[in-house]
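There are 2 protein chains.
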Amino acid sequence: MTALERAKDAALRARALKVVPTGMWGHLHAAKLPSAYPQFFARGDGATLWDADGNRYVDFMCSWGPNMLGHHHPEVEEAAERQRRLGDVLNGPGEVMVDLAELLVDTVAHADWVLFQKNGTDATTTCVTIARAATGKRKILMAKGAYHGAVPWCSPSLVGVTAEDRAHLATYVFNDIASLEEAVQAAGDDLAAVIVSAYRHDYGFDQELPTAEFAQAVRRLCDRTGAVLIMDEVRAGFRLHVAGSWEPFGIRPDLAAWSKAIANGYALAAVTGAEWLRDAAGRVTVTGSFWAGAVSMAAAVATLKVIRRDKVPDRLLALGNQLREGLDARARQFGASIRQSGPVQMPTMLFDDDADFRKGYAFCNAMLERGVYFHPKHNMFLCAAHTPEDIAFALDASEHAFSVVAALPTAA
Amino acid sequence: MTALERAKDAALRARALKVVPTGMWGHLHAAKLPSAYPQFFARGDGATLWDADGNRYVDFMCSWGPNMLGHHHPEVEEAAERQRRLGDVLNGPGEVMVDLAELLVDTVAHADWVLFQKNGTDATTTCVTIARAATGKRKILMAKGAYHGAVPWCSPSLVGVTAEDRAHLATYVFNDIASLEEAVQAAGDDLAAVIVSAYRHDYGFDQELPTAEFAQAVRRLCDRTGAVLIMDEVRAGFRLHVAGSWEPFGIRPDLAAWSKAIANGYALAAVTGAEWLRDAAGRVTVTGSFWAGAVSMAAAVATLKVIRRDKVPDRLLALGNQLREGLDARARQFGASIRQSGPVQMPTMLFDDDADFRKGYAFCNAMLERGVYFHPKHNMFLCAAHTPEDIAFALDASEHAFSVVAALPTAA
């Protein structure tokens with residue numbers, strides 16, 4: 004087993020610890036990963052990533068979603084650069100805002116209008132505010148354990164959060180129609196919205212696609228009560244279906260929140276909405292210093308055009324099937340008992356009998372040492388720059404990693 | 004009077020109206036401006052702006068703050084481009100995050116550590132969350148009419164906002180020590196933080212610098228109660244004093260929120276904090292998909308270095324004095340009764356006896372037609388790309404604009 008060079012990463016962590024609390028914040032904190040993982044990165048290209056020490060990886064996190072077409076995608080970069088030469092953040096939007104809004108309305112099945120922001124959390128928060136403005140009601144139902152952002156109304160942590168921040172938030176269980184009906188009933192005549200993720204992608208758990216019955220029930224209960232169906236597409240958006248993740252069920256939300264992949268890494272988010280919410284969307288006050296930035300919008304136009312033209316979700320589906328089937332075969336070969344879950348475009352692999360993630364960590368450390376960046380707990384992401392050869396490379400590495408897991412001493 | 008060409012702007016507005024509620028959102032909505040103003044912009048360079056129809060303006064809004072060194076500043080663009088060629092949003096931060104955090108700790112007097120975000124609102128919300136985590140208390144005091152962001156806890160609009168979102172928010176009057184003392188007393192032993200803007204820059208009102216006594220009182224009351232002093236530097240940050248807007252008073256906050264000018268137009272925000280809040284900052288959950296983006300951080304490093312090296316606040320002070328004195332002289336010359344307020348680096352000019360802004364609108368429309376982009380209600384911004392010739396050009400235009408105001412029919 005070759006230990007990866009980490010001298011530069013260690014030096015950067017030591018410097019960071021002095022000027023950033025705990026050295027990093029949020030989901031990119033390396034403390035949440037196995038010990039071999041780097042904190043700092045030097046470079047990305049396509050689906051390849053180099054850490055600060057120059058170690059190279061085939062990357063299956065794709066920046067945790069934003070990298071959908073590969074780093075430095077020529078068409079995206081050319082569009083961004085063309086706009087950059089003109090201007091980015093000005094005293095108002097550029098023509099590209101209209102181009103992008105039109106393209107989204109044309110692409111996203113439920114969308115009659117669009118608003119732009121910078122963070123996924125901006126988009127989900129804007130959806131909630133619009134829903135309350137439209138309905139005059141207050142209660143928001145979200146799935147237990149779901150992630151819709153990192154601000155007090157929905158943060159996964161309650162540190163620094165007051166009870167009043169969550170006063171009108173209640174939960175249901177994803178895919179559990181009875182629990183949703185119960186939550187709707189409990190909200191009485193004060194139900195503003197049901198927010199639901201494209202699929203259940205909770206950290207550290209098996210992923211779960213919605214059943215058709217559940218999707219239909221969400222829509223039916225919203226229709227019956229006049230509540231707004233908010234779809235959180237921040238994480239899954241555009242990877243499963245360009246027109247909306249629940250299109251296969253024929254279920255359309257009233258509002259949807261988009262971010263991550265929308266501009267292939269440029270900071271952008273969007274809320275798409277149905278006609279009946281246009282008035283409310285025009286009445287709420289939402290804004291940000293950089294929200295009309297034209298460069299990220301130009302990047303988004305190019306990104307969405309490539310996704311549509313190249314049928315990227317289909318490509319990710321094929322790559323994802325190759326990875327899932329290959330991992331299953333190798334797990335069997337090495338006697339590992341694993342579970343793969345969720346959409347193959349956003350792979351998740353967990354070991355059986357691994358509550359403390361000892362096997363998962365050993366597996367991912369070993370993958371990393373062979374140049375493959377996996378995640379032991381979180382759903383991963385494929386991008387259009389992945390090749391069948393990248394997948395084969397990862398599967399080869401997995402033989403080493405499964406053998407490491409097989410050699411682990413039995414837990415005491 | 005030459006009417007500006009607006010055919011392209013009108014066509015874009017008509018298209019936008021179909022796909023964006025009311026055609027635009029937030030502070031950049033042209034509906035909030037006099038009739039001659041464009042909604043869409045094609046290009047920016049230095050302190051010059053071109054609208055979608057190719058009309059050219061010397062710009063005194065500077066993208067509402069982000070443009071601090073001029074669009075396309077060569078050193079900022081070179082640093083950003085160098086980082087872009089490596090990578091932007093990856094699976095973790097780049098070395099540049101550490102460089103930037105160190106530079107901010109070295110630049111900002113009160114800062115012992117830094118966290119990064121994308122919006123000013125991210126930064127103010129993070130400050131509030133950290134303050135509550137650190138103190139275990141809930142009440143936040145803000146100045147009546149102050150703007151600290153556009154999310155429910157602090158939004159200037161209550162549309163879509165619940166009473167509980169504001170349950171622990173109370174107000175004081177800026178520069179009114181008695182009102183602050185009263186608010187502190189009313190908060191009892193539940194006071195988490197006092198948030199205060201660098202100066203009072205409310206929309207549509209005369210701007211107001213803090214008195215030394217007020218600044219001292221804010222600090223004293225926070226010290227006495229254990230509350231966190233949060234300085235909102237989002238709008239004024241780096242334009243007045245690089246080390247912090249209240250450095251002339253010798254008053255340092257515990258937390259400060261920065262954004263707008265920090266990366267000369269690249270989307271970035273930061274929270275700086277004092278040592279005693281480091282632990283709380285490490286315990287709260289704040290994160291965003293693009294918050295570790297390396298390109299905006301590279302731009303910020305270059306921006307801050309230029310601001311420090313070129314003593315940009317001093318340059319803005321000289322330009323601002325030229326503008327203020329020149330406008331005063333011309334107002335006298337044309338018999339106009341005006342008030343200029345706030346720091347000269349962020350000019351605000353209002354007409355006396357102009358509650359409906361009829362004079363201000365006529366003045367600004369006339370300025371616009373002469374190629375000068377002023378704002379009739381909001382503080383404006385100078386940038387380092389402004390030249391004494393730009394100021395002289397604006398003053399020449401103001402002679403025309405003051406004469407237009409002088410010729411206005413007396414209100415009925």
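Protein chains in written order, with our numbering: chain A, 4 to 415; chain B, 4 to 415.
Heads up, the beta-carbon is just placed ideally off N, CA and C, and yes, glycines get one too.
From a predicted model like this one, the values you see are computed outputs, not experimental measurements.
Contacts of residue i in chain B (Cβ-Cβ under 8 Å)
i, result
"Arg373(A)", "Those within 8 Å of Arg373(A) in chain B number zero; the least Cβ separation is about 17 Å."
"Ala387(A)", "Chain B residues near Ala387(A): none, gap ~16 Å exceeds 8 Å."
"Ile133(A)", "Gly163"
"Lys35(A)", "In chain order: nothing, as chain B lies at least about 11 Å away."
"Val23(A)", "Met100, Val101, Ala104, Trp116, Val117 and Leu118"
"Pro155(A)", "Thr128, Thr132 and Trp156"
"Asn368(A)", "Those do not exist, as Asn368(A) stays about 15 Å from chain B at its closest Cβ, beyond 8 Å."
Supposed contact pair residue j and residue i - C-beta distance, whole angstroms, cut 8 Å
i, j, result
"Gln86(B)", "Gly291(B)", "Not a contact, Cβ separation roughly 18 Å."
"Leu15(A)", "Glu98(B)", "6 Å"
"Ala382(B)", "Gln210(B)", "The question names Ala, yet the displayed sequence has Asn at residue 382(B). That belief holds up - the Cβ atoms of Asn382(B) and Gln210(B) are roughly 6 Å apart, short of 8 Å."
"Leu7(B)", "Ala45(B)", "Contact doesn't hold; Cβ gap of about 14 Å is too wide."
"His74(B)", "Gly49(B)", "6 Å"
"Val101(B)", "Arg18(A)", "5 Å"
"Val164(B)", "Ala153(A)", "Rounded, the Cβ-Cβ distance is 20 Å, inconsistent with contact."
Contacts of residue i in chain A (Cβ-Cβ under 7 Å)
i, result
"Leu172(B)", "Correct list: empty, because the minimum Cβ distance to chain A is about 10 Å."
"Asp62(B)", "Asn94"
"Pro159(B)", "Thr288"
"Gly187(B)", "The sequence shown places Val at residue 187(B), rather than the Gly named in the question. Chain A residues near Val187(B): none, gap ~19 Å exceeds 7 Å."
"Trp28(B)", "Leu118, Val289 and Thr290"
"Tyr376(B)", "Asn94"
"Glu167(B)", "Glu167, Ala170 and His171"
"Ala196(B)", "Within 7 Å Cβ-Cβ: nothing; Ala196(B) doesn't reach chain A, min ~11 Å."
Proximity to residue i [Cα-Cα], best of the options
i, options, result
"Ile143(B)", "Pro159(B), Leu307(B) and His171(B)", "His171(B)"
"Gly416(B)", "Leu353(A), Asn70(A), Asp168(A) and Arg88(A)", "Residue coverage of chain B in this structure runs from 4 to 415, which leaves residue 416(B) outside it and unanswerable."
"Ser262(A)", "Arg255(A), Gly240(A) and Arg203(A)", "Gly240(A)"
"Tyr175(B)", "Ala410(B), Ala339(B) and Leu183(B)", "Leu183(B)"
"Leu93(B)", "Val298(B), Arg312(B) and Gly47(B)", "Val298(B)"
"Ala295(A)", "Arg135(B), Glu80(B) and Asn122(B)", "Asn122(B)"
"Arg373(B)", "Leu322(B), Leu398(B), Glu236(B) and Glu167(B)", "Leu398(B)"
"Ala186(A)", "Cys225(A), Asn324(A) and Arg335(A)", "Cys225(A)"
"Val347(A)", "Thr124(A), Arg242(A) and Trp156(A)", "Arg242(A)"
"Gly345(B)", "Arg9(B), Leu20(B) and Arg327(B)", "Arg327(B)"
"Val237(B)", "Arg227(B), Thr351(B), Met352(B) and Tyr202(B)", "Tyr202(B)"
"Leu72(A)", "Arg169(A), Arg312(A) and Arg335(A)", "Arg312(A)"
"Val375(B)", "Asp12(B), Asp393(B), Asp359(B) and Phe354(B)", "Asp393(B)"
"Thr127(A)", "Val23(A), Ala369(A), Asp257(A) and Gly268(A)", "Asp257(A)"
Within chain C, the residues that residue i reaches when beta carbons sit closer than 8 Å
i, result
"Arg18(A)", "Protein chains A and B are contained in the structure displayed, whereas chain C is not."
Listed by chain order, chain B residues near residue i by CB distance under 7 Å
i, result
"Gly296(A)", "Ala270"
"Leu15(A)", "Glu98 and Val101"
"Ser66(A)", "Val92, Leu93 and Asn94"
"Arg46(A)", "Leu89 and Gly90"
"Gly285(A)", "Pro24 and Thr25"
Where residue i meets chain A, residues with beta-carbon distance less than 8 Å
i, result
"Asn382(B)", "Simply none; closest approach about 14 Å."
"Ser262(B)", "Ser292"
"Pro69(B)", "Val92, Ser292 and Phe293"
Chain-ordered neighbours of residue i on chain A, where CB pairs are closer than 9 Å
i, result
"Tyr364(B)", "The contacting residues do not exist; Tyr364(B) stays about 17 Å from chain A at best."
Closer than 9 Å at the beta carbon, the chain B residues around residue i
i, result
"Asp56(A)", "Within chain B, no residue comes near Asp56(A); the closest Cβ sits about 11 Å away, beyond 9 Å."
Report the residue ranges of all alpha helix (DSSP H) runs contained in full by the stretch 45-112 of chain A; include only those spanning at least 4 residues, in chain order. 77-89 and 98-110
Three or more C-beta pairs below 8 Å linking the stretch 222-240 of chain A and the stretch 195-203 of chain A: yes
Considering only residues of the stretch 195-254 of chain A, which uninterrupted beta strand (DSSP E) runs meet the minimum length of 3 residues and lie entirely inside it, listed in chain order? 231-235
Counting Cβ pairs closer than 8 Å, one from the stretch 272-283 of chain B and one from the stretch 106-116 of chain B, do we hit at least three? yes
Completely contained alpha helix (DSSP H) runs for the stretch 337-377 of chain A, where each covers 4 or more residues: 361-372
For the pair the stretch 158-174 of chain B and the stretch 299-315 of chain B, tell me if three or more CB-CB distances fall below 8 Å. no
Counting Cβ pairs closer than 8 Å, one from the stretch 310-325 of chain B and one from the stretch 379-393 of chain B, do we hit at least three? yes
Return the chain-ordered ranges of every alpha helix (DSSP H) run that is complete within the stretch 240-327 of chain B and spans a minimum of 4 residues. 281-286 and 297-312
Is the number of C-beta pairs between the stretch 404-412 of chain B and the stretch 348-367 of chain B that are closer than 8 Å three or more? yes
So, do the stretch 217-229 of chain B and the stretch 251-265 of chain B have three or more beta carbon pairs nearer to each other than 8 Å? yes
Is there contact between the stretch 128-143 of chain B and the stretch 279-290 of chain B, where contact requires at least three CB pairs shorter than 8 Å? yes
Scan the stretch 106-179 of chain A and note each continuous beta strand (DSSP E) run of 3 residues or more that stays entirely inside, going in chain order. 116-120, 142-146 and 172-175
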